[in-house]
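Comments concern the structure below.
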Amino acid sequence: YVSLINKCDYCVEHHFSGLTRLVGDAGRADEMRRALEAGTPAAAFDDRQAAGLDYAQTLTRDPARLTSKHIDALRTADFDDGEILEINQVTAYFNYANRTVLGLGISTDGDILGLSPGNSANPDDWQHG
Numbered sequence: 010y011v012s013l014i015n016k017c018d019y020c021v022e023h024h025f026s027g028l029t030r031l032v033g034d035a036g037r038a039d040e041m042r043r044a045l046e047a048g049t050p051a052a053a054f055d056d057r058q059a060a061g062l063d064y065a066q067t068l069t070r071d072p073a074r075l076t077s078k079h080i081d082a083l084r085t086a087d088f089d090d091g092e093i094l095e096i097n098q099v100t101a102y103f104n105y106a107n108r109t110v111l112g113l114g115i116s117t118d119g120d121i122l123g124l125s126p127g128n129s130a131n132p133d134d135w136q137h138g
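Position 77, counted from 1, in the sequence shown is what my numbering calls 86; the numbers after and before it change by one each time, with no gaps.
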């Protein structure tokens with residue numbers, strides 16, 4: 010979601026490929042992507058997930074606007090402090106990564122989308138899920 014907000018096409022395309030593999034249902038993955046692209050996460054995510062996405066959106070678009078009410082909303086959605094920290098850290102990391110990719114002008118031209126490390130000790134073992 011952060012990469013969509015930041016318009017980092019490289020990250021969106023690579024991670025959407027991974028999401029599709031993780032979800033195991035291309036139709037469901039497309040539904041999730043459409044909802045995020047439209048800015049309507051509640052159309053494809055449950056209330057708890059939507060609360061996490063709302064926090065990520067605010068941290069990405071206007072971090073100075075975050076208050077204790079945003080943390081309270083996550084707690085109300087049944088996130089514990091460790092999960093809140095994880096949402097914060099993953100959101101912050103993707104904001105960093107997006108700025109690195111965008112700042113270097115990296116594109117998907119010539120890339121093979123969706124590669125991930127295999128389950129071996131071989132550092133060259135990259136495969137499609």
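Cβ atoms here follow ideal geometry from the backbone N, Cα and C, with glycine treated the same way. Everything numeric in this text was worked out from a predicted model, so none of it was measured.
Measure the C-alpha to C-alpha separation of residue i and residue j and round it to an integer number of angstroms.
i, j, result
"D71", "D34", "33 angstroms"
"A82", "T76", "10 angstroms"
"L18", "A60", "In the sequence as presented, Leu is not what sits at residue 18; that position holds Asp. When rounded, the distance between both Cα atoms is 24 angstroms."
"G89", "A51", "It is worth fixing the name first, because residue 89 is Asp in this sequence and not Gly. Cα-Cα distance, rounded: 21 angstroms."
"L45", "Y10", "6 angstroms"
"D39", "A47", "12 angstroms"
"R43", "V21", "12 angstroms"
"L94", "L111", "26 angstroms"
"G138", "K78", "Because G138 carries a pLDDT of 48, less than 50, the predicted location of this residue cannot be relied on, and the following value inherits that uncertainty. Going from the Cα of G138 to the Cα of K78 covers about 39 angstroms."
Measuring CB to CB, does residue i end up less than 8 angstroms from residue j?
i, j, result
"T100", "A73", "no"
"N97", "S12", "no"
Using a Cβ-Cβ cut-off of 6 angstroms (strictly less than) and excluding sequence neighbours within five positions of residue i, which residues of its own chain qualify?
i, result
"L31", "none"
Leaving out five residues on either side along the sequence, give the residues of the same chain with a beta carbon under 8 angstroms from the beta carbon of residue i.
i, result
"D55", "none"
"I87", "This sequence places Asp at residue 87; Ile is not what is there. R57, listed in sequence order."
"Y105", "none"
Between residue i and residue j, which are expected to be in contact by the criterion C-beta below 8 angstroms, what is the C-beta distance as a whole number of angstroms?
i, j, result
"T67", "N15", "Not quite, the Cβ-Cβ distance comes to about 14 angstroms (not below 8 angstroms), so this is no contact."
Give every residue of the same chain whose Cβ lies closer than 7 angstroms to the Cβ of residue i, excluding the five residues on either side of it in the sequence, and list them in chain order.
i, result
"L62", "Y10, P50, F54"
"I115", "Y19"
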